[in-house]
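The next block holds one structure in the form of structure tokens; read it before the comments.
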Amino acid sequence: MSHHRIATIVGVCAMTAAAAGCSRGTPAAPQDSPAANSIPQTATTAVPFAGAPKVPSPLPDSAMAGDPCTVLTPQQVKDALGNKVSQKRDDISGIGPNCFWSTDSGATIAVTLDTEPRHGLSGLYANVQPKAEVWKVLSAIQGFPAVASVTPSGGKPDRYCNISVGLLDTATVDVGLFLGDSKIGKVDPCTVAVRAADAAVSTLRQKVGG
Numbered sequence: 014m015s016h017h018r019i020a021t022i023v024g025v026c027a028m029t030a031a032a033a034g035c036s037r038g039t040p041a042a043p044q045d046s047p048a049a050n051s052i053p054q055t056a057t058t059a060v061p062f063a064g065a066p067k068v069p070s071p072l073p074d075s076a077m078a079g080d081p082c083t084v085l086t087p088q089q090v091k092d093a094l095g096n097k098v099s100q101k102r103d104d105i106s107g108i109g110p111n112c113f114w115s116t117d118s119g120a121t122i123a124v125t126l127d128t129e130p131r132h133g134l135s136g137l138y139a140n141v142q143p144k145a146e147v148w149k150v151l152s153a154i155q156g157f158p159a160v161a162s163v164t165p166s167g168g169k170p171d172r173y174c175n176i177s178v179g180l181l182d183t184a185t186v187d188v189g190l191f192l193g194d195s196k197i198g199k200v201d202p203c204t205v206a207v208r209a210a211d212a213a214v215s216t217l218r219q220k221v222g223g
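Residue numbers for the sequence shown, in our numbering: 14 to 223.
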């Protein structure tokens, strides 16, 4: 398993669902992530919580079903990463369907349909925000609330950025992006990741006629 492959999975787990963790079976918080018990543990806990915004016009649950590898087109992936891209689906237990694309330069993008444990952006506000090196509430992406974040377990801020967009109060689409070696220090990874997140939102909206 390559360094970038490991870093991508660590970053996705830490950024998109720190409350759920990445272990198989019973979800558990990663060692370097905020404690899972900072999220209310009752099954009836209402979202949003922890200061997360409410999604004003949520998409139906069906928007989050299906193959995450179809959320970005080949051209959109090329625009974000460049040429000679490999693709692999690699769903994450306790978080949701995941697809990542990578190049030999180290450029990587991962799209996760973060549907578990149904905390949506609230899970990030509760567990990621306190730990984040970078935490920025973004302008709405096509009307949906969004945040950019980087935690110590995700990657260096000059190379990595994760964008989470609340499409429902209980679910987000997450785009984690590593810049290629030649782009570090020249391009803001969050700028590239926001463009990819916007493209992902467009695809998911079109899927349900939104």
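Idealized CB from N, CA, C, for every residue including glycine.
CA nearest to the CA of residue i, picked from the options
i, options, result
"Q89", "A213, V221 and Q219", "A213"
"K144", "L134, A159, S166 and E129", "S166"
"G168", "A161, P158 and F191", "F191"
"N96", "M77, G119 and D187", "G119"
"V98", "G193, Q219 and P73", "G193"
"I105", "A123, S115 and D211", "A123"
"V84", "G222, A210 and G223", "A210"
"D171", "Q155, V141, N140 and T204", "T204"
"P185", "P130, V200, K91 and K149", "For clarity, residue 185 is Thr in the given sequence; the question names Pro instead. It is P130 whose Cα lies nearest to the Cα of T185."
"A65", "G198, A139, K199 and I197", "A139"
Where residue i sits in the DSSP three-state scheme
i, result
"V9", "For the chain, the structure presents residues 14 to 223; residue 9 sits outside this window and is missing."
"D92", "helix"
"K101", "strand"
"T121", "strand"
"V126", "Per the sequence presented here, residue 126 reads as Leu, with Val not at that position. The answer is strand: DSSP assigns L126 an E or B state."
"V214", "helix"
"K149", "strand"
"T185", "strand"
"A209", "helix"
"L134", "helix"
"S115", "strand"
"P158", "strand"
"A78", "coil"
"Q219", "helix"
"T86", "coil"
"P73", "coil"
"K169", "coil"
"G198", "coil"
C-beta atoms of residue i and residue j nearer than 9 Å
i, j, result
"T183", "T86", "no"
"R208", "A93", "yes"
"V188", "T125", "yes"
"K180", "M77", "Residue identity check: residue 180 is Leu in the sequence provided, not Lys. Going by C-beta atoms, L180 is nearer than 9 Å to M77."
"P202", "V178", "no"
"T128", "I108", "yes"
Close beta carbons around residue i, own chain, < 7 Å, minus the five adjacent residues each side
i, result
"V60", "H132, G133, S135, D182 and T183"
"C82", "Q100, R102 and C112"
"K220", "A76"
Sheet register partners of residue i (DSSP bridge)
i, result
"F62", "The partner list for F62 (beta bridge, DSSP) is empty, contrary to what the question assumes."
"G179", "T185"
"C174", "L190"
"V163", "V147"
"G109", "I105"
Same chain, Cβ closer than 6 Å to residue i, neighbours up to 5 away in sequence not counted
i, result
"P110", "P81, D104 and L126"
"G223", "L72"
"P47", "Confidence at P47 is low in this model, with a pLDDT of 33, below 50, so its placement is unreliable and the value that follows should be read with caution. Same-chain partners within the cutoff: A31, N140, P143 and K144."
"L137", "S177"
Nonlocal neighbours in the same chain, by C-beta distance under 8 Å from residue i, ignoring five residues either side
i, result
"G156", "P69 and S70"
"I197", "D171 and R172"
"E146", "V163, T164, P165 and P170"
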